[in-house]
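Here the sequence shown is numbered in my numbering, starting from 1 and rising by one per residue.
Beta carbons: idealized from backbone N, C-alpha and C, even for Gly.
To start, the structure under review is shown below, and the notes come after it.
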Amino acid sequence: MDITTFGGPVPQLGIGVVAPFDFALDRELWRWTPEEISLHLTRTPYVPVEVSVDMARLISEHETLHNAVMALDAVRPASYAYACTSGSFVGGTAHERAMCVSMSGAGGGAPSVTTSGALLEALGELGARRVSVITPYTASLTDSLADFMGEAGVEVVGRQYMGLTGEIWKVGYRNVVELARSADLTHADCLFISCTNLATYDVIPQLEAELRIPVISANQVTMWSALRHAGARAAGDYQSLIDPAARAALAPYQGRGIAPPPPAAAAAVVREAADWEQIAAPEATAAAPPDEPAADLDLG
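See the structure below:
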């Protein structure tokens, strides 16, 4: 067989992704990516600092972003994404906008987004102005996220955090689900799960079915926005940000002020997803004291 009869590789669109040096969830980003799209990832330089406000500042400097995008520009991505929540919210909304300008300038004018900017886009898409947040961060970093959202006109009506300063990618689905269940959703329009190093793809549909509220995550909004700016649509069935049918299913519950009890079937699917990850669950997950790691998290 003459292989040349197939005409060569199928033309594809590329998305350039700049991730922090400790990012470990490349595979999860691909799950939101349609077949005709390629992801081109690079990392920021290593800095010997634990996950904190200081680290967030170091990995979001304009020179760092400029150099990372320049390294990706050789393959001409259709858009660029900075895949880090804390690095894009720690300097406030003005800094987030400047990051996008710096990336676009280095990338030949291609549209550029950050995770925190994508979060604001997603909340606008959902019409959500009151948000409950859960994070793996310390108290100070979680407060910085709330400050960023407040500056953008979004009210944070509840916050829970794990108190971690490293190896966040090891947190299992059960821990994420338990923290989400502990969130105060009484006055929330949406639940946001922060940090691109926290795996969330499989739990989003199950949490939406259980909590009866839109649930969005850092990696989800990053890919949704980057693909949208490139003229493509993210994959993600049964996720209200992406799937119109999933969003319509939640519409009857919006504005009621409180979520109804979780359906048993939805809870069972959450357990099944967690079992698939082979993560052993603790009895409960509670918010950690300020800036101290939570002792009862399963990081195995």
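Quiz item: When you compare each of Pro77, Leu211, Gln206 and Lys170 to Gly231 by their alpha carbons, which one comes out closest?
Solution: Pro77
Quiz item: According to DSSP, which residues form a beta bridge with Tyr161?
Solution: The secondary-structure analysis by DSSP pairs Tyr161 across a beta bridge with Thr135.
Quiz item: Would you say Gly127 reaches chain C, if we count a Cβ-Cβ gap shorter than 9 Å as a contact?
Solution: Absent here is chain C; the protein component of the structure consists of one chain.
Quiz item: How many angstroms separate the CA atom of Ala139 from the CA atom of Thr165?
Solution: 11 Å
Quiz item: For Ala266, does the three-state DSSP call read helix, strand or coil?
Solution: Its pLDDT being 36, under 50, Ala266 is placed unreliably by the model, and nothing is read from it.
Quiz prompt | Ser240 (DSSP reduced to helix, strand or coil) | solution = coil
Self-check item: Closest Cα partner of Val18 within the set Thr196, Ala122 and Leu145
Solution: Thr196
Quiz prompt | Beta-carbon proximity check, Pro214 vs Leu191, cutoff 9 Å | solution = yes
Self-check item: 9 Å Cβ cutoff met for Ser79 and Val113
Solution: yes
Quiz item: Where does Arg228 land, buried or exposed, given buried means 16+ other C-beta within 10 angstroms?
Solution: buried
Quiz item: Who are the Cβ neighbours of Gly92 in its own chain at under 8 Å, not counting the five residues just before and after it?
Solution: Asp147, Phe148 and Glu151
Quiz item: Between Ile242 and the rest of its own chain, which residues show a CB-CB distance below 7 Å, the 5 nearest in sequence each way excluded?
Solution: Cβ within range, chain order: Trp224, Ala234 and Gly236.
Self-check item: Beta-bridge partners of Phe192, as assigned by DSSP
Solution: Val133 and Ile216
Quiz item: Between Tyr238 and the rest of its own chain, which residues show a CB-CB distance below 7 Å, the 5 nearest in sequence each way excluded?
Solution: Pro205 and Ala246
Practice problem: With a cut-off of 8 Å on the beta carbons, I'd call Arg301 and Pro20 a contact; round off their distance for me. | Solution: Nothing about residue 301 can be read from this structure; the chain reaches only from 1 to 300.
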